[in-house]
Amino acid sequence: MDIRLSAHGSYRHQFHIVWIPRYRRRILKGDLKEFVAGRMHLIEEHHPDVEIERFSIQMDHVHLIIIIPPKYAVSDRVGKIKANTSREVRKQFQWVKKM
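Start counting at 1 in the sequence shown, then tack on 26, and there's your number in the working numbering.
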């Protein structure tokens with residue numbers, strides 16, 4: 027178990043996040059799956075304090091094991107990650123908007 031240190035304490039906040047496409051449609055396959063997998067690695071660049079330990083992309087949902095420091099609200103970080111990923115997917119794959 028890897029314990030992180032902050033200025034005034036130590037922490038190990040590991041979260042299991044699952045998010046799904048609208049209506050749990052089975053669209054995460056092929057090029058879209060590869061695109062989302064590539065975006066997972068960019069999350070750590072945009073949010074340097076957040077660390078993704080593992081992720082798995084199924085046809086109808088995404089699993090993330092993620093470490094978020096206690097100075098951030100989990101809902102805020104997850105919301106930003108989902109919003110940024112969704113925006114890029116809709117920009118890259120126009121057919122997703124029509125579903």
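Even for Gly, the Cβ is constructed at its ideal location relative to N, Cα and C. Just so we're clear, the structure is a prediction, and the values are computed from it rather than from any experiment.
So what does Val100 bridge to, in DSSP terms? For Val100, DSSP records no beta bridge to any residue.
Using 8 Å as the threshold, is the segment 31-38 in touch with the segment 71-82, meaning 3 or more CB pairs across them? These segments do not touch.
Which residue spans inside the segment 39-106 form an unbroken beta strand (DSSP E) run of at least 3? 40-45, 77-83 and 88-93, all fully within the segment 39-106.
Considering only C-alpha positions, which residue in the set Ile69, Gly56 and Gln118 is nearest to Lys108? Checking every option, the nearest Cα to that of Lys108 belongs to Ile69.
Taking the C-alpha atoms as reference points, what is the distance between Pro96 and Pro47? Between Pro96 and Pro47, the alpha-carbon positions lie close to 28 Å from each other.
Apart from the five residues on each side of it in sequence, which residues of its chain come closer than 7 Å, Cβ to Cβ, to Ile94? Non-local beta-carbon contacts of Ile94 in its own chain, meaning distances under 7 Å to residues more than five positions away in sequence, involve His39, Phe41, Val76, Val100 and Arg103 in chain order.
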